[in-house]
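Comments concern the structure below.
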Amino acid sequence: MKRREFITMLGGAAVWPVSARAQQTMPLIGFLRNAPLAASAHVVDAFRQGLKEAGYVEGQHVAVEYRSVEADAVRLPALVADLLRRRPAVVVGDTTSVLAMKAATNTVPMVFATGSDPVRDGFVASLNRPGGNITGVVFFNSVLAAKRLELLRQLVPGQTTVGMLVNPNTTNEAERRDAQAASQSIGLQLVIADVSSEQDIETAYLMFVRRRVGALMVGSGAFLNAHKEILVALAARHALPSIYAQREATVAGGLMSYGASITGAYRQAGVYAARILKGEKPADLPVMQSSKFEFVINLKTAKTLGLEFHPQLLATADEVIE
């Protein structure tokens with residue numbers, strides 16, 4: 015099946031549809047995202063690659079129904095209910111989506127791709143032995159706060175005060191502690207702002223300006239990633255050098271990012287979905303941990319901010335956007 019060039023809407027949620035015939039003749043995979051589908055092409059491609067590696071080609075061996083609440087989690091219960099009515103063989107989703115699926119069913123197999131802690135979130139009993147109908151892939155972005163802080167210091171060594179955006183609902187508390195400890199060890203003052211809405215984000219940037227914050231670290235989690243365009247725009251408006259947890263923000267115009275490879279995680283999620291279709295049970299598939307990390311730099315944004323990356327720092331980048 016060729017990728018659709020359009021997105022339909024169901025109750026305010028985005029849907030990439032599949033044909034009724036495909037659903038009748040092939041097993042169906044549900045693919046749920048909190049982030050907008052229009053910005054998820056890279057993870058969709060990675061997921062399809064994983065399926066293909068495991069012997070399943072979309073449109074030939076399996077049908078996939080893509081759904082997103084477009085960063086509005088209030089719509090998730092209705093979207094999940096509609097998907098379950100279609101009797102999917104397995105559902106692949108991010109943290110927010112799998113939480114909603116878990117509340118609706120304990121029988122449909124699920125595969126998550128998450129930067130959170132799946133044991134703490136109640137998805138699995140343990141990483142080695144999930145024990146239920148859910149397994150998946152973890153990319154531990156939250157433990158990289160110290161590394162991001164160090165990258166910021168290398169880029170703007172004269173700054174003594176750094177801000178940090180945290181969403182208390184999706185950011186691991188360990189990330190906050192990691193950043194606080196790291197900032198103290200290198201003599202930086204860390205100003206943390208908790209944000210749970212677009213209004214909170216705008217208010218936080220104004221607070222950073224008042225506190226004379228010279229650089230910003232954006233925490234991990236689905237909420238902040240879903241609002242990356244707003245974060246990038248505000249960072250540009252206030253000329254605030256920023257580092258993000260995920261590559262997508264740098265592609266959207268952010269200065270730089272350091273984090274686990276989400277595309278690698280979704281490729282493995284595709285492999286696990288295929289293995290479940292072949293008869294394996296989520297309870298028997300250990301949670302995989304992503305070991306690939308990406309440092310991405312946007313030179314166009316650096317030029318706009320009047321910043322130059324040291325050649326040695328530039329040489330360590332996995333990707334440079336010009």
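All the letters of the sequence shown, read from the start, carry residue numbers 15 to 336 under our numbering. We put the beta carbon where it would ideally sit given N, CA and C, even for glycine.
Measure the C-alpha to C-alpha separation of residue i and residue j and round it to an integer number of angstroms.
{"i": "glutamine 37", "j": "alanine 77", "result": "Any reading at glutamine 37 is ruled out, since the residue's pLDDT is 48, under 50, leaving its predicted position unreliable."}
{"i": "leucine 179", "j": "glycine 293", "result": "42 Å"}
{"i": "glycine 2", "j": "serine 199", "result": "No answer is possible for residue 2: the residues shown for the chain start at 15 and end at 336."}
{"i": "tyrosine 13", "j": "alanine 53", "result": "As displayed, the chain neither begins before 15 nor continues past 336, which places residue 13 out of reach and without an answer."}
{"i": "leucine 51", "j": "glycine 107", "result": "12 Å"}
{"i": "leucine 291", "j": "proline 41", "result": "8 Å"}
{"i": "tyrosine 272", "j": "serine 305", "result": "13 Å"}
{"i": "valine 94", "j": "alanine 114", "result": "7 Å"}
{"i": "leucine 46", "j": "proline 91", "result": "12 Å"}
{"i": "asparagine 183", "j": "proline 255", "result": "25 Å"}
{"i": "aspartate 131", "j": "valine 301", "result": "11 Å"}
{"i": "methionine 270", "j": "arginine 191", "result": "22 Å"}
{"i": "alanine 331", "j": "leucine 163", "result": "16 Å"}
{"i": "serine 211", "j": "threonine 39", "result": "42 Å"}
Might you give, ordered along the chain, the residues of its own chain that have their beta carbon closer than 8 Å to the beta carbon of residue i, omitting 5 neighbours on each side?
{"i": "arginine 35", "result": "Any reading at arginine 35 must be qualified, since the residue scores a pLDDT of 47, below 50, and its modelled position is unreliable; no value is offered."}
{"i": "leucine 328", "result": "Ile311 and Val334"}
{"i": "leucine 313", "result": "Phe323, Val334, Ile335 and Glu336"}
{"i": "lysine 116", "result": "Met124, Gly136, Phe137 and Ile148"}
{"i": "isoleucine 215", "result": "Leu179, Val209, His241, Ile244, Leu245 and Leu248"}
{"i": "glutamine 168", "result": "His324 and Leu327"}
{"i": "valine 122", "result": "Leu98, Pro102, Val104, Val105, Met115 and Asn147"}
{"i": "leucine 321", "result": "Leu169, Val170, Pro255 and Leu269"}
Within this structure, are the beta carbons of residue i and residue j separated by less than 8 Å?
{"i": "tyrosine 258", "j": "alanine 60", "result": "no"}
{"i": "valine 265", "j": "methionine 231", "result": "no"}
{"i": "valine 112", "j": "methionine 124", "result": "yes"}
{"i": "valine 337", "j": "alanine 127", "result": "Coverage of the chain is limited to positions 15 through 336, which leaves residue 337 absent and any answer about it impossible."}
{"i": "phenylalanine 309", "j": "serine 275", "result": "no"}
{"i": "asparagine 239", "j": "alanine 87", "result": "no"}
{"i": "glutamate 84", "j": "arginine 100", "result": "no"}
From the DSSP output, which residues share a beta bridge with residue i?
{"i": "arginine 47", "result": "Ser82"}
{"i": "glycine 177", "result": "Val205 and Leu230"}
{"i": "glycine 150", "result": "Phe126"}
{"i": "isoleucine 335", "result": "Asn312"}
{"i": "leucine 42", "result": "Ala77"}
Using 8 Å for Cβ pairs, my map puts residue i next to residue j. What's the rounded Cβ distance?
{"i": "proline 144", "j": "leucine 299", "result": "7 Å"}
{"i": "glycine 267", "j": "alanine 250", "result": "7 Å"}
{"i": "alanine 288", "j": "leucine 97", "result": "With a Cβ gap of about 19 Å, alanine 288 and leucine 97 do not count as contacting."}
{"i": "arginine 62", "j": "glycine 284", "result": "6 Å"}
{"i": "alanine 193", "j": "alanine 159", "result": "4 Å"}
{"i": "histidine 56", "j": "threonine 277", "result": "6 Å"}
Could you name the residues of the same chain whose beta carbon sits closer than 7 Å to that of residue i, not counting the 5 residues immediately before and after it, in chain order?
{"i": "arginine 225", "result": "Thr175 and Val205"}
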